[in-house]
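A.B. asks:
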Amino acid sequence: MLFRPLHVAIVDDHSLFRKTLKNYLSEQKDIQVVIQATDMADLLGKLNNVPVDVLVMDLFMPGLNGNDAIQLLRSEYPDIKILILSMSNDMDLISDLLDSGIHGYISKSDEPEDLVQAIHTVSANGIYQNRIFTEALYWNKQNNIKARAVDALMLLNEREKKILQLIWEEKSNKEIADELFLGVRSVEKIRQDIKEKIGVKSTVGLLKYAIDKKIIGVGLLRSEGLRAHR
Numbered sequence: 040m041l042f043r044p045l046h047v048a049i050v051d052d053h054s055l056f057r058k059t060l061k062n063y064l065s066e067q068k069d070i071q072v073v074i075q076a077t078d079m080a081d082l083l084g085k086l087n088n089v090p091v092d093v094l095v096m097d098l099f100m101p102g103l104n105g106n107d108a109i110q111l112l113r114s115e116y117p118d119i120k121i122l123i124l125s126m127s128n129d130m131d132l133i134s135d136l137l138d139s140g141i142h143g144y145i146s147k148s149d150e151p152e153d154l155v156q157a158i159h160t161v162s163a164n165g166i167y168q169n170r171i172f173t174e175a176l177y178w179n180k181q182n183n184i185k186a187r188a189v190d191a192l193m194l195l196n197e198r199e200k201k202i203l204q205l206i207w208e209e210k211s212n213k214e215i216a217d218e219l220f221l222g223v224r225s226v227e228k229i230r231q232d233i234k235e236k237i238g239v240k241s242t243v244g245l246l247k248y249a250i251d252k253k254i255i256g257v258g259l260l261r262s263e264g265l266r267a268h269r
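Start counting at 1 in the sequence shown, then tack on 39, and there's your number in this note's numbering.
Set out below in structure tokens:
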């Protein structure tokens, strides 16, 4: 099988930054920048013609705001992994973005190597879990405990809690199935049932719930990427 580099798209309305980032990423042997776009309209026009694995986008651009743009992308291109690259440290905003289905949040003040690591992590169906991601999970916990008190009545059974713990430990569906003596399809169904039971749509949502309910401990958060299969 012929090797294909990761196809990356960059969306940022600052031309110098966008082109500098493109040149840096293009130096990586397994990354190819296939799209540069100035805004969402420009990106959507180009996505019809070029397959993209990972999208690196700024939040604040002309046209759609970040949340609306992500909702549109999740609807039209659900397989694209989305990394936000921004200077904003607004925890309310970042927490909302996690709920929208982004796969990582990188500060423009981080090291370039952090972005490369994030691209590799999310391209392997992972969630890039760094300091900002961790703080957003804490923030979500502190601001949603009361709002989500009603779902405390929807207790998960021990097997469902165990599956959440194994997801946190980066286990694949097959590894979870082997450990619990279940079929892979059974694990997939249970995961989907948990999402429906607690009202979330993504693995991040599962982890937020598990942290809120102390099923998993926030003290275990790490700076490495979290392998989490959607």
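Cβ coordinates follow ideal geometry from the N, Cα and C atoms, glycine included.
These figures come from a predicted structure and were not determined experimentally.
1) I'd like the span of the beta strand (DSSP E) that includes H46, first residue to last.
2) If we count the other Cβ atoms within 10 Å of its Cβ and call it buried at 16 or more, is A186 buried or exposed?
3) S139: buried (16+ other C-beta within 10 angstroms of its C-beta) or exposed?
4) How would you label Q110, buried or exposed, when you count the other beta carbons within 10 angstroms and need 16 or more for buried?
5) May I have the straight-line CA-CA distance separating R170 from Y116, to the nearest angstrom?
6) Would the beta-carbon of I293 fall within 7 Å of that of V91?
7) Taking 8 Å as the limit between beta carbons, can you name the residues of its chain near K210, skipping five residues before and five after?
8) In or out: K247 buried (at least 16 other Cβ within 10 Å) or exposed?
9) Only counting the same chain, and skipping five residues up and downstream in sequence, which positions put a Cβ closer than 7 Å to that of N212?
10) Give me the Cα-Cα distance between L137 and D97, rounded to the nearest whole angstrom.
11) Is K120 helix, strand or coil when you go by DSSP?
12) Is it the case that the Cβ atoms of M126 and K147 are separated by a distance below 7 Å?
13) Tell me the DSSP secondary structure of K252 in three-state form.
14) Let me check understanding here. Comparing Cα to Cα, which of E214, L83, W207 lies closest to I166?
15) How about the stretch 74-82 and the stretch 49-58: do they share at least three Cβ pairs that are nearer than 8 Å?
16) Is it true that the CB of I70 sits closer than 7 Å to the CB of L86?
17) The alpha helix (DSSP H) that contains Q156, what's its start and end?
C.D. replies: Taking the coordinates as given:
1) Within the sequence shown, residue 46 is the residue found at index 7, counting from 1. According to the DSSP assignment, H46 belongs to the beta strand (DSSP E) that extends over 45-50.
2) Translated into the one-based positions of the sequence shown, residue 186 becomes position 147. With a pLDDT of 49 at A186, under the threshold of 50, the modelled position of that residue is not reliable, and no figure is offered here.
3) Residue numbering aside, residue 139 sits at position 100 when the sequence shown is read from its first letter. Buried.
4) Counted from its first residue, the sequence shown places residue 110 at position 71. Counting Cβ neighbours within 10 Å, Q110 comes out exposed, since fewer than 16 surround it.
5) If you number the sequence shown from 1, residue 170 lands on position 131. If you number the sequence shown from 1, residue 116 lands on position 77. About 27 Å.
6) What is shown of the chain runs 40 to 269, which leaves residue 293 out entirely.
7) Looking up residue 210 in the sequence shown gives position 171. Here the set comprises E218.
8) Translated into the one-based positions of the sequence shown, residue 247 becomes position 208. Burial is judged here by how many other beta carbons sit within 10 angstroms of a residue's own beta carbon; K247 has at least 16 and is buried.
9) Position 173 of the sequence shown, counting from 1, holds the residue named residue 212. The residues are V223, V226, E227, H268.
10) Reading the sequence shown from its first residue, position 98 is the one you call residue 137. Reading the sequence shown from its first residue, position 58 is the one you call residue 97. The alpha-carbon atoms of L137 and D97 are separated by roughly 15 Å.
11) As a first step, residue 120 must be located in the sequence shown, where it is residue number 81. In the structure shown, the three-state DSSP call for K120 is strand.
12) Against the sequence shown, residue 126 aligns to sequence position 87. Against the sequence shown, residue 147 aligns to sequence position 108. Their beta carbons are under 7 Å apart, which means M126 touches K147 by this criterion.
13) Locating residue 252 in the sequence shown gives position 213, where the first residue counts as 1. DSSP places K252 in coil when its eight states are reduced to three.
14) Here residue 166 refers to the residue found at position 127 of the sequence shown. Put simply, of E214, L83, W207 the residue whose alpha carbon is nearest the alpha carbon of I166 is W207.
15) yes
16) Here the question's residue 86 lines up with position 47 in the sequence shown. Here the question's residue 70 lines up with position 31 in the sequence shown. It is not a contact, given that the beta carbons lie outside the stated cut-off.
17) As a first step, residue 156 is located in the sequence shown; it is residue number 117 there, counting from the start. Looking at the DSSP string, the run of the alpha helix (DSSP H) that includes Q156 is 151-162.
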